[in-house]
Structure formats: C-alpha cells, structure tokens
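Colleague:
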Amino acid sequence: MKNIFKVAAAVMFLCFLVLPVYVEGSDLDSFIHTLNVQAEADLPGFKANLSAQFGVPMPQVDVLIKSVDRPGDAYMCLRVGQIAKQPTEMVVKEYRTHKGKGWGVIAKNLGIKPGSREFHELKRGDLGPGSKSDDGKGKGKGKDKKAKSDFREGKGKDTDTERSTGTGDGGKGRGRKK
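What the sequence shown shows, in numbering that gives the first Met the number 0, is residues 0 to 177, in sequence order.
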C-alpha cells in the first residue's frame, strides 16, 4: 500500500516537472500557427511584410519561403537570425538539420542562450521593439517624477498660513481639528 502512494507521488512530481516545458512552447506554437494562417489568407501580403520588417529583398523572401516547410518558419528563420546576429543561410541550414527538435533548440545552437531575454522574446513570439506584443510597460519603479515631487511636498518647515495667523497647530502633529 505504501508503494502505491510512493509511485503516485513520483508520477505527480514528474508531471509537475514536464508540464511547464509543455506550456512554455505553446505560446510560440500558437504564434507560428497564426503566422501560417495569415500567410494562407494573403501570401503576397505576408511576403511583403517579411521583406519590410527584416529589410530583405522580395526575391530572397521567395527563396526562403520555398526552402522551409511553412511560411511561419520563414519568419522564424529571419527573426532567429536577427536576434542571433547570424545570416539567414546559417539559420536555414540549422533549421534543416534540427527542425524536428523545435525552434528552441535551433536558437540555442545559433548562440541564443536559454533563459536570456532574447530567448524569452523568441519563445513568446515577440516581433521586436514596438511590436503588438510589446505592451509598452518598462521595468521601472512605478512612480513618475511628478508623483515623487508631490510626495516630497510638506517635508521640512511648516510654511502654511495657518501657523503665521495662529489658527493652525504649528506643525506639532496634533491631527485634524474636530
């Protein structure tokens, strides 16, 4: 009976280890799926967007799309090359060799370190700076300069008019009048 509980606990533990890996890839998979749907709906427009976004001539985009399995993979080749600072030909070569292992492995092999900001951008499907997936929020402290200056008001000497007229409490911390 104790062995059954141990086995069940071990299976649950393994499920919790594997689940985050499965969920992590789903954002990228759904992003690539969306790209493929867009390309099926309007392939010339998709090609034009790739050309404009990555600064690649249209003939090169045509060759790239023909050399990969799906149009979303063409986007990924260009994006991984951009992040890894590698030529597209190198990314396509790596894609052909390791496409069954996924884009995470391809990115790692091209020098994008797992866990890095760039790797997470790629896994989330971020299009780059100023993209739709960029919500514009930074990693600041959360207060702007005006809020800080408002917060500092009232520090130091009591200069309000009540003190000079004798109607105030003179800044002695006696609370509000009742």
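C-beta: ideal position from N, C-alpha, C; glycine also.
1) Looking at the structure shown, is P43 part of a helix, part of a strand, or coil, going by DSSP?
2) With DSSP collapsed to three states, give me the class of S50.
3) For I31, name the three-state secondary structure that DSSP assigns.
4) Measure the CB-CB distance between P70 and N108 and report whether it falls below 9 Å.
5) How many Å lie between E93 and L49 at the Cα?
6) Can you list, in chain order, the residues of its chain with a C-beta nearer than 6 Å to that of K46? Leave out the 5 residues immediately preceding and following it.
7) Can you find the residues in the same chain that come closer than 8 Å, C-beta to C-beta, to E23, ignoring five residues on each side of it along the sequence?
8) Return helix, strand or coil for D68, following the three-state DSSP convention.
9) Around the Cβ of L42, are there at least 16 other Cβ atoms within 10 angstroms (buried) or fewer (exposed)?
Modeller: In short:
1) helix
2) helix
3) helix
4) no
5) 20 Å
6) V60
7) For E23, the pLDDT reaches just 45, beneath the cut-off of 50, and the residue's location in the model is therefore unreliable, although a value from the coordinates is still provided. Within the same chain, E23 has close Cβ partners K122.
8) coil
9) exposed
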